[in-house]
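Undergrad: Below is the structure I would like to discuss, written out as structure tokens.
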Amino acid sequence: MRLSVALPFALITALGAAACSSVVGCRNPSPTSEQAPVPDKPSVRLYLLSTVAGALEPCGCSKDQLGGLDHLAAFIEAEKPKAPNFAVLGAGPLFYIDEKLKQDHATQDRWKADTIAKAMRELNLAAWSPGYNDWAAGPQELGSKAKEAGATVLAAGIDSPLTQPSKVLTFGDLRVGVVGVSDPKDRFGRYPDGVGGPDGVAKAVEREMKALEKEGASLVVVLAAMQRGAALRIADAVPGIHILAVGKPSSDGHGNTAQPAPEMVGSTLVVETANHLQTVSVVDVYLRGKPEGALKLADGSGLERAAKIADLAGRIRELEAKINSWERGGKVDAKDLAARKADLDKLRAERKTLEGTTTTPDGSFFRYHVQEVREALGESDSVVTLMRDYYKRVNEHNKQAFAELKPLPVQAGEAKYVGMDECSSCHMEAEEVWKKTGHAKAYATLEKDFKEFNLECVGCHVTGYGKAGGSTVTFVEGLKDVQCETCHGPGSLHVADPEKKGLITLEPEPSLCADQCHHPPHVEGFDVTAKMELVLGPGHGKPLE
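Residue numbers for the sequence shown follow our numbering, so the first one is -17 and each next one is one higher.
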């Protein structure tokens, strides 16, 4: 039997507690005077990650985006006094954002994977079940990345020298058995070279659980890198799994996913986080007394209350995005802005009240919540250093490696990009408006962070990137920043014959903004009508004063 509560994207922050009797699988005895007390700290805390998929940090294009290994590391470090016994575990692709390495991105992506591996060592990643992407650079690279991370690659049922089926983690008297299963297929159902599909996944899990029982494991965690439905069937078929963490079998691209609902399948808690480190699932296990045999855990969280918190979190995130947009736009009445901020404070207070309400079931139990990974969590100095070193290394490499990468040639009769100096010789008023916009500082935002030659970043911060007669990662002279021709099109023919109609786009489609750059995951909820006001002014879309 499954109990499911639908929870929207990345917005479950902390689950309150609910009565044990409402949860399937709760079989703890009535309280007695001899019952052991609840420990002040969890016997073990599990930080569970799903489908990290090459996410070092969010792009930073908008305020307070979710994600960032530096923020996650800071959170785990800050929580150590509350939860000194912990393990970080993952399911799904870890090192690469795409299923295949693109030729021009290959070196940069390999170095990013190196950085993620080193950061995962800082986080104390114990193990993960891999996805298709993890083989993108070949099996030897996967092995070296796992070694660098200090983590075990778990994949029961897969015949590979890189993987093992399970491992045991020990925390005092508690032994945690971790089983990994993976069905690492790409979008087309293909497996990595030299890797076959898993053989009898449910039976493999059952077999490993018996072996773990002999090793004294009382708590069983299964990490499943596969389609969610297939993972749920494991929980249906194999009793005795305490926690099932699900990740995708593969991933492709920068798009962010929503937060799937947690489920109780029998007595198994099934969790999956949003991808790209937007969130982390946190499971605290509290034991009453010394564990003897397989544990029976009650739910000290309450999935019903999770829905209320998720609804509040969704409304909070939506209102935060609107307020951030209004503040940057400066076009909203101050009283209205203050009223919306008061609404936000009220919602946050309501959520905090729900999060702070807990109950304590009889017997041993778990408490579960999902933590958004945000800037407010702080930064880990060591991980920030790793990230900064990576960006510097990529910048220096790409500057040399692509030094001769010239723009595509224009065909006869077609226009090429000429740059702001040419435009402003006639359109001086429009230039003055442009100078006051963020578009005029776009390239500088990359330079200060050593990202101006980063292939993931530069395209939205220069004009005519990758287009005939435009710019490349290194050929940007005269085309730095988001200039006139980004929206109005290449202007050489217009410059040559200003009076001739049809040589330049006078009124670009507003949708161009969202289509080219201002779209998820870079920007959520982009209001093109409101934002258009930020780039218009006297002599540029509005009459001269």
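Note that beta-carbon positions come from the ideal geometry of N, C-alpha and C, so glycine has one too. No experiment lies behind these values; they were computed from the predicted model shown.
Rounded to the nearest angstrom, what separates Ala329 and Val355 at their Cα positions?
TA: Checking the sequence, you will find Leu at residue 329 rather than Ala. The alpha-carbon atoms of Leu329 and Val355 are separated by roughly 19 Å.
Undergrad: In whole angstroms, what separates the C-alpha of Gly229 from that of Trp117?
TA: Cα to Cα, Gly229 sits roughly 16 Å from Trp117.
Undergrad: Hey, could you find the ends of the alpha helix (DSSP H) Met369 is sitting in?
TA: That run of the alpha helix (DSSP H) goes 363 to 383.
Undergrad: Just verifying my parser: in three-state terms, what is the DSSP assignment at Gly523?
TA: In this structure, Gly523 counts as strand in the three-state DSSP scheme.
Undergrad: I'd like to know whether the C-beta atoms of Asp218 and Phe348 end up nearer to each other than 8 Å.
TA: Cβ atoms of Asp218 and Phe348: not closer than 8 Å.
Undergrad: By Cβ distance below 6 Å, which residues in the same chain neighbour Gly147 in space, the five residues on each side in sequence not counted?
TA: The identity of residue 147 in the sequence shown is Pro, whereas the question assumes Gly. The residues are Ala138, Glu190.
Undergrad: Taking the alpha-carbon of Thr97 as reference, which of Asn380, Leu326, Ala35 has the nearest alpha-carbon?
TA: Nearest of Asn380, Leu326, Ala35 to Thr97, Cα basis: Ala35.
Undergrad: Based on Cα-Cα distance, which residue from Gly176, Tyr29, Leu144, Asp80 lies nearest to Leu107?
TA: Checking every option, the nearest Cα to that of Leu107 belongs to Tyr29.
Undergrad: How would you write the range of the alpha helix (DSSP H) that His351 sits in, first residue to last?
TA: Run containing His351: none in the alpha helix (DSSP H); it sits in the beta strand (DSSP E), 347 to 354.
Undergrad: State buried or exposed for Arg172, treating a residue as buried only when at least 16 other CB atoms are found within 10 Å of its CB.
TA: By the neighbour-count rule (16 or more Cβ atoms within 10 Å), Arg172 is not buried but exposed.
Undergrad: What are the residues that DSSP puts in a beta bridge with Ser111?
TA: According to DSSP, which records beta bridges pairwise, Ser111 is partnered with Ala73.
Undergrad: Starting from Phe153, follow its DSSP beta bridges and name the residues at the other end.
TA: Paired residue(s): Leu156.
Undergrad: What does a CB cutoff of less than 7 Å around Gly182 pick up in its chain, not counting 5 residues either side in sequence?
TA: The answer, listed in chain order, is Gly139.
Undergrad: Tell me the rounded alpha-carbon separation between Leu201 and Lys278.
TA: About 9 Å.
Undergrad: In chain order, what are the residue ranges of uninterrupted alpha helix (DSSP H) at least 4 long that sit wholly in the region 31 to 101?
TA: 51 to 61, all fully within the region 31 to 101.
Undergrad: For Thr454, which beta-bridge partners are listed by DSSP?
TA: Bridge partners of Thr454: none, in fact.
Undergrad: Taking DSSP as the reference, what is the three-state secondary structure of Asp266?
TA: Strand.
Undergrad: What does the alpha-carbon distance come out to for the pair Gly42 and Gly211?
TA: Between Gly42 and Gly211, the C-alpha separation is close to 34 Å.
Undergrad: Thinking just about the alpha-carbon of each residue, which of Gly451, Tyr350, Pro143, Tyr372 is nearest to the one in Ala394?
TA: Comparing Cα-Cα distances from Ala394 to each of Gly451, Tyr350, Pro143, Tyr372, the minimum goes to Gly451.
Undergrad: Which word fits Cys408, buried or exposed, when buried means at least 16 other C-beta atoms lie within 10 angstroms of its C-beta?
TA: The residue is exposed, with fewer than 16 neighbouring Cβ atoms inside 10 Å.
Undergrad: In angstroms, rounded to a whole number, what distance separates the CA positions of Asn377 and Phe432?
TA: One C-alpha to the other measures close to 6 Å.
Undergrad: Can you have a look at Ser493 and say buried or exposed, based on whether 16 or more other CB atoms are within 10 angstroms of its CB?
TA: Exposed.
Undergrad: Measure the C-alpha to C-alpha separation of Tyr213 and Val220 and round it to an integer number of angstroms.
TA: Per the sequence shown, residue 213 should be read as Ala rather than Tyr. In a straight line, the C-alpha of Ala213 is about 11 Å away from that of Val220.
Undergrad: Would you mind stating whether Thr427 and Val517 have Cβ atoms separated by less than 8 Å?
TA: Contact flag unset, no.
Undergrad: Shortest alpha-carbon distance to Gly345 belongs to which of Pro273, Ala295, Val366, Ala331?
TA: With distances taken between Cα atoms, Gly345 lies closest to Pro273.
Undergrad: Does the distance from the C-beta atom of Val135 to that of Leu144 stay below 8 Å?
TA: Contact: yes.
Undergrad: Nearest by alpha-carbon distance to Ser164: which of Leu205, His522, Met410 is it?
TA: Cα-wise, what sits closest to Ser164 is Leu205.
Undergrad: For Gly275 and Gly198, what's the separation of their Cα atoms in angstroms?
TA: Each residue's alpha carbon lies about 7 Å from the other.
Undergrad: Cutting at 8 Å between CB atoms, please list the residues of its own chain near Leu83, excluding the five before and the five after it.
TA: Counting only Cβ-Cβ distances below 8 Å, and skipping sequence neighbours, we find Asp91, Arg92, Ala118, Ala119.
Undergrad: What number of angstroms, rounded off, separates the C-alpha of Gly338 from the C-alpha of Pro66?
TA: Distance between the alpha carbons of Gly338 and Pro66 is about 21 Å.
Undergrad: Where Glu332 and Leu294 are concerned, what is the direct C-alpha to C-alpha distance, given to the nearest angstrom?
TA: Roughly 8 Å between the two C-alpha positions.
Undergrad: Which of the three DSSP states is assigned to Asp281 in this structure?
TA: Correct three-state label for Asp281: strand.
Undergrad: What are the boundary residues of the alpha helix (DSSP H) that includes Val477?
TA: First-last of the alpha helix (DSSP H) with Val477: 474 to 478.
Undergrad: Count the other C-beta atoms from every protein chain shown that fall within 10 angstroms of the C-beta of Thr33, then say buried if there are 16 or more, exposed otherwise.
TA: The residue in question, Thr33, is buried, as its Cβ has 16 or more Cβ neighbours within 10 Å.
Undergrad: Does the distance from the C-beta atom of Ala37 to that of Gly360 stay below 8 Å?
TA: For Ala37 and Gly360, no; Cβs fall outside 8 Å.
Undergrad: Using the beta-carbon count (16 or more within 10 Å), is Lys127 buried or exposed?
TA: So Lys127 counts as buried.
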